[in-house]
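Student: Position in the sequence shown (first residue = 1) + 5 = the numbering used here. Sharing a structure below in structure tokens format, with a few things to ask.
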Amino acid sequence: MVLECYLTGHEALKRKGVEAVIDCPVSGYSFKTTGDLRWIIRETIRKLGFQGKIIFVSNENIGTTHILYNFHILLDSEEYIGIRLITRENNVYRILLTIPSKKYLGNIEFKKYYPDKELVKPTYIHYTGYSPGQYYIPNMIVYAILGFPKEIDISKWRLVIKGFVKNPLSLKLSDLYSIGIKTVKTSFHCVTGWSTGDVEFTGPMFKRIIELVKPLNNVKWIYIGSLDGYSTIIPYEEIINSEALIALEMNRRPLEPEHGYPARLVIPHLYGWKSVKWINLIEFINEYRDGYWEALGYHPRGRVDLEERFKKV
Ligand SMILES: Nc1nc2c(c(=O)[nH]1)N[C@H]1C(S)=C(S)[C@@H](COP(=O)(O)O)O[C@H]1N2
Ligand SMILES: [Mo]
């Protein structure tokens, strides 16, 4: 079987010592044991020109059908390559390698990733509440994969909105309150499997931001950035008619620092990793680029109802 992979990466991963990510969709690999996985890894890395001792690190469930496995390959240089195996119902369908130095990329050839292929299913307007593979828990679990930002000087904080727009903006917290706020009551779904019901988020609707900045006709994606260096990407079509908002309050109180104070994005019908906390950038762009989790194999759109947890193409 030929192996064709994409090359990607992310600035925040570089700070963690990951200079590049090799992302390889695979098919036809069923497994029963972690021993089978070791064999699959050995086969895969051989095709890419790597060898080393393969060590199990961890595994976790992502929803009720996916399991993500982490391994390390110890290289002769004493560095290691991280391996992430994305599996569904005992089949491996994606293998990602996190590479500590570009020198290991050698002369591997990569193909180009076309995210549009992931969006073939139609977009419809309102979230139906259907959430396959999720279970409900009483409260949200707090995540900060890149750590919590230091105390924020609110007089200096701005939400910058730029890119292909007629009116770029730099908004203070008081500006966000003054452009008109609404409260949205929604469930919140983390791709790892937990959901919480009936959280109230208050702030300006994303539609309102679009009215103000007037995106140009060529906009296809929205890139969202955060104070901690976290980022994500959202198809423009997916957000224009949605209930997405820039939340300033959660359950009628200003956001707590751990939940994203002063502002976070909330997109109710997409998995939680798209709802960036400590938001400071909204960029309207034309060409797809991976955010933090997308660089690690997560889906460019992340629709909950379509169970778009990981990239498929
Ligand atoms: N800046 C930033 N935003 C983030 C994350 C993060 O690690 N950093 N985690 C995401 C994930 S995976 C989820 S499920 C939600 C969780 O929201 P909470 O931490 O407010 O419960 O935040 C999202 N936004
Ligand atoms: Mo999440």
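Glycine included, C-beta positions come from ideal geometry on N, C-alpha and C.
Would N285 be called buried (16 or more neighbouring beta carbons within 10 Å of its own) or exposed?
Tutor: Looking at its Cβ environment, which holds 16 or more other Cβ atoms inside 10 Å, N285 is buried.
Student: What would DSSP say about S183, mapped onto helix, strand or coil?
Tutor: Three-state result, S183: helix.
Student: Just curious, the beta strand (DSSP E) that K58 is in, first and last residue?
Tutor: From DSSP, the beta strand (DSSP E) with K58 extends over K58 to I67.
Student: State the DSSP-derived secondary structure class of V7, mapped to helix, strand or coil.
Tutor: In this structure, V7 counts as coil in the three-state DSSP scheme.
Student: Just to check, is the beta-carbon of W283 closer than 7 Å to a non-hydrogen atom of ligand 2?
Tutor: It does not: the Cβ of W283 is nowhere closer than 7 Å to a heavy atom of ligand 2.
Student: Would the C-beta of W278 count as close to ligand 2, meaning under 7 Å from any of its heavy atoms?
Tutor: Flag set: Cβ of W278 near ligand 2.
Student: With a threshold of 7 Å (Cβ to nearest heavy atom), would D2 be considered close to ligand 1?
Tutor: A question about residue 2 goes unanswered here, because the residues of the chain that appear run from 6 up to 318.
Student: Let's test the definition: count the other Cβ atoms within 10 Å of the Cβ of T191 and tell me whether it reaches 16, buried, or not, exposed.
Tutor: Result: buried.
Student: Got a sec, what are the start and stop residues for the alpha helix (DSSP H) V271 sits in?
Tutor: That residue, V271, is in no alpha helix (DSSP H); its beta strand (DSSP E) goes R269 to V271.
Student: Using the rule of at least 16 other Cβ atoms within 10 Å of the residue's Cβ for burial, across every protein chain shown, is S231 buried or exposed?
Tutor: Its Cβ being crowded by 16 or more others within 10 Å, S231 is buried.
Student: Have a look at the DSSP bridge pairing and note the partners of A25.
Tutor: In the DSSP output, where bridge partners are listed per residue, A25 has I104.
Student: Is it the case that the segment 59-75 contacts the segment 12-30, given that we only count it when at least three CB pairs across the two stretches are under 8 Å?
Tutor: With a cut-off of 8 Å, the segment 59-75 and the segment 12-30 do not count as touching, because too few Cβ pairs lie within range.
Student: Go through its chain and collect everything with a Cβ distance to I67's Cβ below 7 Å, but skip five positions before and after it.
Tutor: Excluding sequence neighbours, I67 sits near L73, V196, T197, G198 and R314.
Student: Less than 8 Å between C-beta atoms, sequence neighbours within five positions excluded: which residues of the same chain meet that for N95?
Tutor: Cβ within range, chain order: S35, F36 and K37.
Student: From which residue to which residue does the alpha helix (DSSP H) around G302 run?
Tutor: Taken as a continuous stretch (DSSP letters only), G302 belongs to no alpha helix (DSSP H), as it is neither H nor E.
Student: Assuming K52 contacts L8 (C-beta within less than 8 Å), just tell me the rounded distance between them.
Tutor: K52 to L8, Cβ: 5 Å. Contact.
Student: Is the beta carbon of I150 within less than 7 Å of some heavy atom of ligand 1?
Tutor: Yes - ligand 1 has a heavy atom lying nearer than 7 Å to the Cβ of I150.
Student: From this set, C10, N246, P220 and P30, which residue's C-alpha is nearest L110's C-alpha?
Tutor: Checked all of C10, N246, P220 and P30; the closest Cα to L110 is C10.
Student: Can you give me the C-alpha to C-alpha distance between V271 and A149, rounded to a whole angstrom?
Tutor: Rounded to whole angstroms, V271 to A149 spans 16 Å at the Cα level.
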